[in-house]
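For reference, the structure discussed in these notes is given below.
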Amino acid sequence: MHKVVLWVQTVLVPMLGAPGMFVVAFLDSSFLSFPEINDILLVTSSHIHPERAWLYAVMTTLGSVTGCLVMWELGRRGGEAFLAKKFGADRVERVELAVKRWGVLTIAIPAVLPPPMPFKIFVVAAGVVGFSARRLALTLLLARGLRYAFWAAMGAYYGDEALEWLERFDAWFADRWAATLIVLGGLVLAVLLVIWARSLRARRPGAGEA
Numbered sequence: 015m016h017k018v019v020l021w022v023q024t025v026l027v028p029m030l031g032a033p034g035m036f037v038v039a040f041l042d043s044s045f046l047s048f049p050e051i052n053d054i055l056l057v058t059s060s061h062i063h064p065e066r067a068w069l070y071a072v073m074t075t076l077g078s079v080t081g082c083l084v085m086w087e088l089g090r091r092g093g094e095a096f097l098a099k100k101f102g103a104d105r106v107e108r109v110e111l112a113v114k115r116w117g118v119l120t121i122a123i124p125a126v127l128p129p130p131m132p133f134k135i136f137v138v139a140a141g142v143v144g145f146s147a148r149r150l151a152l153t154l155l156l157a158r159g160l161r162y163a164f165w166a167a168m169g170a171y172y173g174d175e176a177l178e179w180l181e182r183f184d185a186w187f188a189d190r191w192a193a194t195l196i197v198l199g200g201l202v203l204a205v206l207l208v209i210w211a212r213s214l215r216a217r218r219p220g221a222g223e224a
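For what it's worth, the working numbering labels the leading residue of the sequence shown as 15, then goes sequentially.
Have a look at this one:
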């Protein structure tokens, strides 16, 4: 895998430029897996060509969204058996229930977090349970767009230092990803409870009267 990543960094992207980053992001989000490669490429490429950082972020985001739509289509066309074989029936059932219950959050949160956070299983499960392609694409455009725009900007402004920060963050998250998810889940639940409580107050008779 290291040789593949090195070839992508030193041959494919320099040869194809921004379209090469689209190809890498597409493959990473569909049939292959290059852990962290998109973030690394964004930082290094934006450092070399800061004036193109926005283009690199856009092409990487579009490539990732396109690759995810391929996996979504796989799920829609009967991907449950594929998921069960790869991850186990019990785990797949839990993921499908989570997608049905929490909707876009089960796509958005994994989309902004690095490995070892599972991601593709949620995308395929979204196709299995009937999560619309439009909602999936919009969610990923926002979530992945924010993630890739952030690292492109960091690369453009801070260069090699940003790459060190990326490596430190990924290492920190790899050791604490379960606890991080619990905290994020608690925050999301708290926000949803506040919104729900406010909507209940707004529906009460006379709530809007002086």
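All C-beta atoms, glycine included, are put in the ideal place defined by N, C-alpha and C.
{"Asked": "Exposed unless 16 or more other CB atoms sit within 10 angstroms - verdict on Pro129", "Found": "exposed"}
{"Asked": "Nearest candidate by alpha-carbon position, reference Gly77, set Glu175, Met29, Ile62 and Val37", "Found": "Val37"}
{"Asked": "Spatial neighbours of Tyr171 in its chain, beta-carbon cut-off 8 Å, leaving aside the 5 residues before and after", "Found": "Pro64"}
{"Asked": "Own chain residues within Cβ distance below 7 Å of Leu160, not counting five before or after", "Found": "Val126"}
{"Asked": "Cutoff 6 Å; reference Leu158; Cβ partners in own chain excluding five residues on either side", "Found": "Before going on, a small fix: residue 158 reads as Arg here, not Leu. Same-chain partners within the cutoff: Thr75, Ser78 and Ala125."}
{"Asked": "Exposed unless 16 or more other CB atoms sit within 10 angstroms - verdict on Met29", "Found": "exposed"}
{"Asked": "Cβ-based neighbour list, Ser59, same chain, cut-off 6 Å, excluding 5 preceding and 5 following", "Found": "Tyr70"}
{"Asked": "Contacts around Ala224, its chain only, beta-carbon distance under 8 Å, and the 5 residues preceding and following it disregarded", "Found": "Residue placement at Ala224 is flagged as unreliable, the pLDDT there being 44, under the threshold of 50; the coordinate-derived value follows with that caveat. Excluding sequence neighbours, Ala224 sits near nothing in its chain."}
{"Asked": "Reference Leu119, options Val137, Glu107, Glu50 and Arg105, closest by Cα", "Found": "Val137"}
{"Asked": "Exposure of Ser43, with buried meaning 16 or more beta-carbon neighbours within 10 Å", "Found": "buried"}
{"Asked": "Counted within 10 angstroms of its Cβ, other Cβ atoms place Ala185 as buried (16 or more) or exposed", "Found": "exposed"}
{"Asked": "Helix, strand or coil at Arg91 [DSSP, three-state]", "Found": "coil"}
{"Asked": "Under 9 Å between C-beta atoms of Val84 and Lys114", "Found": "no"}
{"Asked": "The region 165-182 contacting the region 48-58, beta-carbon criterion three pairs below 8 Å", "Found": "yes"}
{"Asked": "Residue range of the alpha helix (DSSP H) that includes Val38", "Found": "Ala32 to Ser43"}
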